[in-house]
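**Student:**
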Amino acid sequence: MCGIVGYIGDKNCVPILIEGLKRLEYRGYDSAGVGIINTTECKVVKTKGKVSELEKLVYAEKIQSSLGIGHTRWATHGEPSTINAHPHLNEEKTLFLIHNGIIENYLSLKKGLEKEGYKFNSETDTEVLAHLIDHYLKLKHSLFQAVRYALNEVEGTYGICVIYKGESDKIIAAKKGSPLVLGIGNNENFVASDVNALIAHTKQVVYLEDGEIAEIFKDHFTTKTISDETIIKEIFQVEMGIDEISKSGYPHFMLKEIMDQPESIFNSLRGRLVLDEGISKLGGLEGFEQRILDSKRILITACGTSWHAALVGEYMLEQYAGVPVEVEYASEFRYRNPIIDKDDTVIFISQSGETADTLAAMKEAKKKGALCIGVCNVVGSSIARESDAGVYIHAGPEIGVASTKAFTSQIAVLALITLLLARRKNLSLPEGQEIIAEMKKLTDKVGTILKQNDLIKEISEKYSNARNFLYLGRGYNFPVALEGALKLKEISYIHAEGYPAAEMKHGPIALIDDDMPVVFIATKDSVYDKVISNIQEVRARKGRILAIVNEGDTQIEKMVDHVIKVPKTHNMLTPILTVIPLQLIAYHIAVKKGLNVDQPRNLAKSVTVE
Ligand code: G6P
Numbered sequence: 097m098c099g100i101v102g103y104i105g106d107k108n109c110v111p112i113l114i115e116g117l118k119r120l121e122y123r124g125y126d127s128a129g130v131g132i133i134n135t136t137e138c139k140v141v142k143t144k145g146k147v148s149e150l151e152k153l154v155y156a157e158k159i160q161s162s163l164g165i166g167h168t169r170w171a172t173h174g175e176p177s178t179i180n181a182h183p184h185l186n187e188e189k190t191l192f193l194i195h196n197g198i199i200e201n202y203l204s205l206k207k208g209l210e211k212e213g214y215k216f217n218s219e220t221d222t223e224v225l226a227h228l229i230d231h232y233l234k235l236k237h238s239l240f241q242a243v244r245y246a247l248n249e250v251e252g253t254y255g256i257c258v259i260y261k262g263e264s265d266k267i268i269a270a271k272k273g274s275p276l277v278l279g280i281g282n283n284e285n286f287v288a289s290d291v292n293a294l295i296a297h298t299k300q301v302v303y304l305e306d307g308e309i310a311e312i313f314k315d316h317f318t319t320k321t322i323s324d325e326t327i328i329k330e331i332f333q334v335e336m337g338i339d340e341i342s343k344s345g346y347p348h349f350m351l352k353e354i355m356d357q358p359e360s361i362f363n364s365l366r367g368r369l370v371l372d373e374g375i376s377k378l379g380g381l382e383g384f385e386q387r388i389l390d391s392k393r394i395l396i397t398a399c400g401t402s403w404h405a406a407l408v409g410e411y412m413l414e415q416y417a418g419v420p421v422e423v424e425y426a427s428e429f430r431y432r433n434p435i436i437d438k439d440d441t442v443i444f445i446s447q448s449g450e451t452a453d454t455l456a457a458m459k460e461a462k463k464k465g466a467l468c469i470g471v472c473n474v475v476g477s478s479i480a481r482e483s484d485a486g487v488y489i490h491a492g493p494e495i496g497v498a499s500t501k502a503f504t505s506q507i508a509v510l511a512l513i514t515l516l517l518a519r520r521k522n523l524s525l526p527e528g529q530e531i532i533a534e535m536k537k538l539t540d541k542v543g544t545i546l547k548q549n550d551l552i553k554e555i556s557e558k559y560s561n562a563r564n565f566l567y568l569g570r571g572y573n574f575p576v577a578l579e580g581a582l583k584l585k586e587i588s589y590i591h592a593e594g595y596p597a598a599e600m601k602h603g604p605i606a607l608i609d610d611d612m613p614v615v616f617i618a619t620k621d622s623v624y625d626k627v628i629s630n631i632q633e634v635r636a637r638k639g640r641i642l643a644i645v646n647e648g649d650t651q652i653e654k655m656v657d658h659v660i661k662v663p664k665t666h667n668m669l670t671p672i673l674t675v676i677p678l679q680l681i682a683y684h685i686a687v688k689k690g691l692n693v694d695q696p697r698n699l700a701k702s703v704t705v706e
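Just so we're aligned, residue 97 is where the sequence shown starts under the numbering used here, counting upward by one.
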């Protein structure tokens, strides 16, 4: 959620913090702040609004320092405002704290501190922690110990960075449930909530684990657990380049990421297809295949767009691998004490690998002995690290808040998992080879759809005044309908619902009139004729229809207002193609409405609080 960045070294930290915050702004963007400490002053600058607002204020102050921390917020406790923005301070304004997460027992901690005479300015849970650390500093503990003691009293989640005038040679960073990564430089060190903020400066990183606390100096760092045991951390090399996190000339990250899909899908499949044997090769699942196949069932859990990918996974795994599959929202799974045991396999799908509910669901499943498989995009993320086995989707960094290329790559990887398991069961060699042949054509087929961008824009703009939308599909296109509706809601703020086309009769049909656009995803598959009947039902009620059809389909074209054509592919790969026009429709409608596509209101890219 919130973005965190910290610097200690010889350079002026201000541009490093501002640039880092801009790279993290997709995590939260309702307010932002920086805190710096130098030999003459301790200074905090914060503001409601975007990092660009903060930037103006900070540069106007002309502050210089080689020690500082910065934060971009997604509000949980207390409205977005300058007072509630981070850093939070002690009363002497000598200690600064930034925090991502939620301190659940903040009210009881606050009461105790108020009795000691501490005064609070903000409505946040974070300010409590700043005063609690101050309380331990006043008991003559070092900053490290004061933070450690304070954290031992905290219930909830945190990724924090603390700096203090009295010990201005260090940043203290600690993690529980919210990601933090150290960047190791040459006579300078960094800390951030994700590597995007670091890679312009260093590729050497150290991932903090839950319950760990680091003391970061400019030329070295040490790590302990919060119960004070020393731990030696491994340094990893990040492969990602800075060009991968820029817009490359596109007006928005979202459009860039939609357009990236021929390449991102290619990267998801690269080196994983064995045509001769009609099977996939997934290093991260090696040695686990039989255990998965022997599972009583496979559960797939996720949130948001990743949950829609999970539904596609359910259809393909059941149809081709013949394993019973259930899909559940991670937020439900984690709290309802699900019946799972060591004979179950649970797949966790997460672009960021940091979504709090998905991570908590994984902990729950692990506790119960299930085999936990991560399907993540962000390399080194918490879910990727904590799973027993896993497959990276290799879609490359996704910055736009509305997920696009991660979705198509998640489906590509689920298809690879399906192929791997299905071939070990009943899928024949020719069938396996046919799937692989179709997978290899995806890059070109996606390219064909993207070439229709101008047409899709023209059609989309005709619908930009609509107040409601219905998305309908059946079979593999039902999760696509859900995803199309979600994309539209997320970035255009138009109410949209996705439904299995046949279910329309059980309610949504009441909404249909000549004002109601209905998007049908109607490719030539086993339920094509049934979808045509559903189209007729909408037509009879004068709904406006936009249909996603296969190339060469002339039947539907005659019945509807607009069609967008996609190439035909293997049925389980269909969602990869049919979702692309829906991503573009949402994008063009939002742009037409003048909305901030990459940072839609109230949303965040990586939801690290529950
Ligand atoms: C947020 C994002 C969505 C994303 C969901 C799950 O809601 O805005 O785009 O699908 O989280 O995120 P994950 O990183 O776990 O896939």
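Here a beta-carbon is modelled for each residue, glycine too, at the ideal position from N, C-alpha and C.
Owing to the predicted nature of the structure, the values given are computational and were not obtained by experimental measurement.
What are the start and end residues of the beta strand (DSSP E) that includes Leu278?
**Tutor:** Within the sequence shown, the letter at position 182 stands for residue 278. Note, Leu278: beta strand (DSSP E), Val277 to Ile280.
**Student:** What are the residues that DSSP puts in a beta bridge with Asn564?
**Tutor:** Indexing the sequence shown from 1 puts residue 564 at position 468. The partner list for Asn564 (beta bridge, DSSP) reads His591.
**Student:** Name the DSSP bridge partner or partners of Tyr488?
**Tutor:** As a position in the sequence shown, residue 488 is number 392, starting the count at 1. Bridge partners of Tyr488: Cys472.
**Student:** Fully enclosed by the stretch 309-378, which alpha helix (DSSP H) runs are 4 residues long or longer?
**Tutor:** If we require 4 residues or more, the alpha helix (DSSP H) runs fully inside the stretch 309-378 come out as 349-355 and 357-365.
**Student:** Would you say the beta carbon of Ser702 is closer than 7 Å to some non-hydrogen atom of ligand 1?
**Tutor:** As a first step, residue 702 must be located in the sequence shown, where it is residue number 606. Because some heavy atom of ligand 1 lies under 7 Å away, the Cβ of Ser702 counts as near it: yes.
**Student:** Are the CB atoms of Lys626 and Val645 nearer to each other than 8 Å?
**Tutor:** Along the sequence shown, read from residue 1 onward, the residue named residue 626 stands at position 530. Along the sequence shown, read from residue 1 onward, the residue named residue 645 stands at position 549. Cβ atoms of Lys626 and Val645: not closer than 8 Å.
**Student:** Arg244 and Ile328 look like a contact to me (Cβ under 8 Å); what is the Cβ gap, rounded to whole Å?
**Tutor:** Position 148 of the sequence shown holds residue 244. Position 232 of the sequence shown holds residue 328. About 18 Å; that fails the 8 Å criterion.
**Student:** With which residues is Gln300 paired in a DSSP beta bridge?
**Tutor:** If you number the sequence shown from 1, residue 300 lands on position 204. According to DSSP, which records beta bridges pairwise, Gln300 is partnered with Gln333.
**Student:** Just to confirm, is the Cβ distance from Val615 to Tyr567 under 8 Å?
**Tutor:** As a working mapping, residue 615 is identified with position 519 in the sequence shown. As a working mapping, residue 567 is identified with position 471 in the sequence shown. Yes; because the gap between Cβ atoms is below 8 Å, this pair is in contact.
**Student:** Can you list, in chain order, the residues of its chain whose CB lies under 6 Å from that of Val509, leaving out five sequence neighbours each side?
**Tutor:** The count along the sequence shown starts at 1 and reaches residue 509 at position 413. For Val509, where only same-chain residues beyond five positions count, the Cβ hits under 6 Å are Ser364, Val471, Val487 and Ile489.
**Student:** Hey, is Val475 close to ligand 1, as in C-beta under 7 Å from one of its heavy atoms?
**Tutor:** Working through the sequence shown from its first residue, we reach residue 475 at position 379. Answer for Val475: no, Cβ out of range of ligand 1.
**Student:** Could you tell me which whole alpha helix (DSSP H) segments of length 4 or greater appear in the stretch 663-690?
**Tutor:** If we require 4 residues or more, the alpha helix (DSSP H) runs fully inside the stretch 663-690 come out as 670-688.
**Student:** Tell me whether Cys257 counts as near ligand 1, meaning its Cβ is closer than 7 Å to at least one heavy atom of that ligand.
**Tutor:** By 1-based counting over the sequence shown, the position of residue 257 is 161. No.
**Student:** Tell me the rounded alpha-carbon separation between Gly380 and Ile388.
**Tutor:** Translated into the one-based positions of the sequence shown, residue 380 becomes position 284. Translated into the one-based positions of the sequence shown, residue 388 becomes position 292. Distance between the alpha carbons of Gly380 and Ile388: 13 Å.
**Student:** Is the beta carbon of Ile165 less than 8 Å from the beta carbon of Ile267?
**Tutor:** Looking up residue 165 in the sequence shown gives position 69. Looking up residue 267 in the sequence shown gives position 171. Result yes, Cβ atoms of Ile165 and Ile267 sit closer than 8 Å.
**Student:** Note down the Cα distance separating Ala485 from Phe503, rounded to an integer number of angstroms.
**Tutor:** As a first step, residue 485 is located in the sequence shown; it is residue number 389 there, counting from the start. As a first step, residue 503 is located in the sequence shown; it is residue number 407 there, counting from the start. Going by the C-alpha atoms only, they are around 20 Å apart.
**Student:** In the DSSP output, which residue or residues are listed as bridge partners for Lys558?
**Tutor:** Translated into the one-based positions of the sequence shown, residue 558 becomes position 462. Note: Lys558 sits in no beta bridge, so no partner.
**Student:** Anyone know if the C-beta pair for His684 and Lys585 falls short of 8 Å?
**Tutor:** Locating residue 684 in the sequence shown gives position 588, counting from the first residue. Locating residue 585 in the sequence shown gives position 489, counting from the first residue. No, Cβ-Cβ distance for His684 and Lys585 is not below 8 Å.
**Student:** For the beta strand (DSSP E) that contains Tyr425, what are its first and last residues?
**Tutor:** The sequence position of residue 425 within the sequence shown is 329, counting from 1. That run of the beta strand (DSSP E) goes Val421 to Tyr425.
**Student:** In three-state DSSP terms, what is Ala181?
**Tutor:** Mapped onto the sequence shown, residue 181 falls at position 85. Residue state, collapsed to three classes: coil.
**Student:** Which class does Ser238 belong to by DSSP, given the choice of helix, strand or coil?
**Tutor:** The residue given as residue 238 occupies position 142 in the sequence shown. Of the three classes helix, strand and coil, the one that applies to Ser238 here is coil, per DSSP.
**Student:** Which class does Gly124 belong to by DSSP, given the choice of helix, strand or coil?
**Tutor:** In the sequence shown, the residue the question calls residue 124 occupies position 28. Of the three classes helix, strand and coil, the one that applies to Gly124 here is coil, per DSSP.
**Student:** Does the stretch 696-706 touch the stretch 345-359, meaning 3 or more C-beta pairs lie closer than 8 Å?
**Tutor:** No, the stretch 345-359 is not in contact with the stretch 696-706.
**Student:** Whose C-beta lies closer than 6 Å to the C-beta of Ile396 among residues of the same chain, with five residues either side of it excluded?
**Tutor:** Start at 1 with the first residue of the sequence shown, and residue 396 comes out as number 300. Cβ neighbours of Ile396 beyond the five flanking positions: Ala406, Gly409, Val423 and Ile443.
**Student:** Looking at the secondary structure, which residues open and close the beta strand (DSSP E) in which Phe286 lies?
**Tutor:** As a position in the sequence shown, residue 286 is number 190, starting the count at 1. Start and end: Asn285 to Ala288.
**Student:** Got a sec, what are the start and stop residues for the beta strand (DSSP E) Lys462 sits in?
**Tutor:** On the sequence shown, residue 462 is found 366 positions in, with the first residue counted as 1. No beta strand (DSSP E) contains Lys462, which is instead part of the alpha helix (DSSP H) from Ala452 to Lys463.
**Student:** Between the alpha carbons of Ser289 and Glu305, how many angstroms are there, rounded?
**Tutor:** Your numbering for residue 289 matches position 193 in the sequence shown. Your numbering for residue 305 matches position 209 in the sequence shown. C-alpha separation (whole angstroms): 12 Å.
**Student:** Going by other Cβ atoms of all chains shown within 10 Å of its Cβ, with 16 needed for buried, is Pro111 buried or exposed?
**Tutor:** As a first step, residue 111 must be located in the sequence shown, where it is residue number 15. Pro111 should be labelled exposed.
**Student:** Any heavy atom of ligand 1 closer than 7 Å to the Cβ of Cys468?
**Tutor:** By one-based count along the sequence shown, residue 468 stands at place 372. Cys468: no, Cβ never under 7 Å from ligand 1.
**Student:** Among the residues of its own chain, which have a CB less than 7 Å from the CB of Ala686, if the five just before and after it don't count?
**Tutor:** To locate residue 686, count along the sequence shown from 1; it is residue 590. Here the set comprises Ile587, Ser588 and Val693.
**Student:** Determine the direct distance from the alpha carbon of Lys107 to that of Glu385, and round the result to whole angstroms.
**Tutor:** To locate residue 385, count along the sequence shown from 1; it is residue 289. To locate residue 107, count along the sequence shown from 1; it is residue 11. Taking the straight line from one Cα to the other gives about 50 Å.
**Student:** Please identify the residue among Ala682, Glu527, Arg169 and Glu188 whose C-alpha is closest to the C-alpha of His591.
**Tutor:** Within the sequence shown, the letter at position 495 stands for residue 591. Nearest C-alpha to His591: Ala682.
**Student:** Tell me, please, which residues DSSP counts as bridged to Asp440.
**Tutor:** On the sequence shown, position 344 is the one that residue 440 refers to. Its beta-bridge partners are Arg393.
**Student:** Exposed or buried, what is Pro347 when buried is set at 16 or more other beta-carbons lying within 10 Å of its beta-carbon?
**Tutor:** Reading the sequence shown from its first residue, position 251 is the one you call residue 347. It counts as exposed.
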